[in-house]
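Quick notes on the structure that follows.
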DNA sequence: GAATGTGAAATCTTTCACAGCC
DNA sequence: GGCTGTGAAAGATTTCACATTC
């Protein structure tokens, strides 16, 4: 019974599962924390410590069974089942999301799509008939939707998030470039390539040299 | 001259800059760390501490000038210039990236696109003529490309990353679902919605109850 | 011999709390 | 009176190092 598992650890588990899947596809069936560390650019100690929060999965003197550890991680993460999702916002980005096969392949199934634009509702994209957002609550309930994907313009992001939360949705995958606000029992993951780039440029441009070092801000 | 700034701090700066831009668009010109904390779901102390790594941008008893702080952050992050990028992999995902206006709008310009498939090279997508990957090195040099976007299948991800690194690229935005390996002087940001979902499900499914608690792994 | 699992130490990050300034 | 900037304290995370097991 794990008492308090750090969130950073949870965030790493899918990466562990992914390299294990790759090792398995290569026919490798035992792996050491040393080798996993090399593949993940992490220390062997970190990997062992992370895994130790959940149980004892390895064999001393030998390492971890690739298939077994992968299955345990998938179990821990809740990946041995299908998760039902709905998309809100079927513009350019939303349409690309609907056409992307990667979610489905990994057990994340998009079963409904919503848009506020009446010109779009009723049309079919990626095999789904686009519904009006007015139908959100009803559909979330009847289809057992657990995760909402937000792909609307930033200006409408918060109202869509609020609507999803009002439907009882506990997980949101947010593609809109704004700061989401949710109650503490709702989980959000942001996908924002621009934000990712904007921290990378700090390193690419070299170290920051303050223009007026040690002086007080001049308004 | 900031001595050693934690990476977590750098990762938050773009979020600060983004809410400041939003506040500015609302005509608000002074903000306290308290209010920023509310907007970002962070503590006021964290915001003040983060900013203190780079200088003293506020006024006691008053707060921060929204426009001024935003400009300083953009300066620090290197956002007051255009960054030149190249895309590798012009499949469904790559095409969507090329058509997405958000990069351009934020000063990230894609000036070249590459694909290994001869059926695609020579065709035009999003205003760019797709080039053969054989031309990568030459084009990176002549166009001054600084950031590479990887949107190829996972199986070819590492070879594309290696090719970009060989061209002298120091920043990679990776959309392919695999574990990137790069030299320590190259910066990578991963965009992987499935990985994001896979850690969210841990929380959505409730706390992990080990199936055979305290027992040793049975192979 | 080899590699795990894990307390303890080291390091990193956040929060506190208050002097100093507007 | 209000709010910043910041050392110091508290808390979280990573790494060490070694007893233990295969």
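Residue numbers (our numbering), protein chains in the order written: chain A, 820 to 1038; chain B, 820 to 1038.
Each residue gets a CB set at the ideal place from its N, CA and C atoms; glycine is no exception.
This one's a predicted model, so the numbers in the text were calculated from it and none came from an experiment.
Can you give me the start and stop residues for the beta strand (DSSP E) that residue 966 of chain A sits inside?
-> Along the first chain, one-based indexing puts residue 966 of chain A at 147. Per DSSP, residue 966 of chain A belongs to the beta strand (DSSP E) from 966-969.
Residue 1035 of chain B at chain A interface by Cβ criterion, 8 Å = The count along the second chain starts at 1 and reaches residue 1035 of chain B at position 216. The pLDDT assigned to residue 1035 of chain B is 35, lower than 50, so where the model puts this residue is not dependable, and the model offers no usable value.
Within its chain, find whatever has a CB closer than 7 Å to the CB of residue 852 of chain B; leave out the 5 residues flanking it on each side and keep chain order.
-> As a first step, residue 852 of chain B must be located in the second chain, where it is residue number 33. In the same chain as residue 852 of chain B, and ignoring 5 residues on each side of it, the C-beta atoms closer than 7 Å to its own belong to 863, 866, 867, in chain order.
Would you mind giving the Cβ-Cβ distance between residue 964 of chain B and residue 904 of chain B, rounded to the nearest angstrom? I have them listed as a contact below 8 Å.
-> Mapped onto the second chain, residue 964 of chain B falls at position 145. Mapped onto the second chain, residue 904 of chain B falls at position 85. Contact holds; Cβ gap of about 6 Å.
By the 10 Å Cβ neighbour count, where 16 or more other Cβ atoms means buried, how is residue 778 of chain B classified, buried or exposed?
-> This structure cannot speak to residue 778 of chain B, because chain B is shown only from 820 to 1038.
What residues of chain B sit near residue 833 of chain A, judged by a beta carbon separation below 7 Å?
-> Sequence index remark: in the first chain, residue 833 of chain A carries index 14 (1-based). Here the neighbours are 1014, 1017, 1018.
Any C-beta of chain A under 8 Å from that of residue 911 of chain B | Translated into the one-based positions of the second chain, residue 911 of chain B becomes position 92. Contact of residue 911 of chain B with chain A is assigned, a C-beta pair being separated by under 8 Å.
Give me the Cα-Cα distance between residue 949 of chain A and residue 948 of chain B, rounded to the nearest whole angstrom.
-> Along the first chain, one-based indexing puts residue 949 of chain A at 130. Along the second chain, one-based indexing puts residue 948 of chain B at 129. Near 33 Å, if we compare the C-alpha coordinates of residue 948 of chain B and residue 949 of chain A.
What residues of chain A sit near residue 897 of chain B, judged by a beta carbon separation below 8 Å?
-> The residue labelled residue 897 of chain B in the question sits at position 78 within the second chain. For the C-beta of residue 897 of chain B, the chain A residues within less than 8 Å are, from N- to C-terminus, 1020, 1021, 1023, 1024.
Using the DSSP secondary-structure output, state which residues sit across from residue 944 of chain B in a beta bridge.
-> Translated into the one-based positions of the second chain, residue 944 of chain B becomes position 125. DSSP lists B:947 as the beta-bridge partner residues of residue 944 of chain B.
Residue range of the beta strand (DSSP E) that residue 991 of chain A falls in?
-> Here residue 991 of chain A refers to the residue found at position 172 when the first chain is read from its first residue. The continuous beta strand (DSSP E) containing residue 991 of chain A extends over residues 990-993.
If you pair each beta-carbon of the stretch 923-938 of chain A with each one of the stretch 915-934 of chain B, do three or more pairs fall below 8 Å?
-> Contact fails: fewer than three Cβ-Cβ distances are below 8 Å.
If you draw a straight line from the alpha carbon of residue 980 of chain B to that of residue 882 of chain B, how long is it in whole angstroms?
-> Counting from one through the second chain, the residue named residue 980 of chain B turns up at place 161. Counting from one through the second chain, the residue named residue 882 of chain B turns up at place 63. Each residue's alpha carbon lies about 44 Å from the other.
Taking the alpha helix (DSSP H) that residue 955 of chain B falls in, what are its first and last residues?
-> The residue given as residue 955 of chain B occupies position 136 in the second chain. DSSP places residue 955 of chain B in the uninterrupted alpha helix (DSSP H) bounded by 955-962.
Residue range of the unbroken beta strand (DSSP E) whose run includes residue 1008 of chain A = Looking up residue 1008 of chain A in the first chain gives position 189. Here the beta strand (DSSP E) through residue 1008 of chain A covers 1006-1009.
Would you check if the distance between the CB atom of residue 982 of chain B and the CB atom of residue 952 of chain B is smaller than 8 Å?
-> Counted from its first residue, the second chain places residue 982 of chain B at position 163. Counted from its first residue, the second chain places residue 952 of chain B at position 133. Result yes, Cβ atoms of residue 982 of chain B and residue 952 of chain B sit closer than 8 Å.
Per DSSP, what kind of secondary structure is residue 1056 of chain B in: helix, strand or coil?
-> Because chain B is modelled from 820 through 1038, residue 1056 of chain B falls outside the range shown and cannot be assessed.
Mind checking if residue 852 of chain A is an interface residue toward chain B, Cβ cutoff 8 Å exclusive?
-> Within the first chain, the letter at position 33 stands for residue 852 of chain A. So, not an interface residue.
Between residue 920 of chain A and residue 972 of chain A, what straight-line distance do the alpha-carbon atoms span, to the nearest angstrom?
-> Translated into the one-based positions of the first chain, residue 920 of chain A becomes position 101. Translated into the one-based positions of the first chain, residue 972 of chain A becomes position 153. Using only the alpha carbons, I get a separation of about 23 Å.
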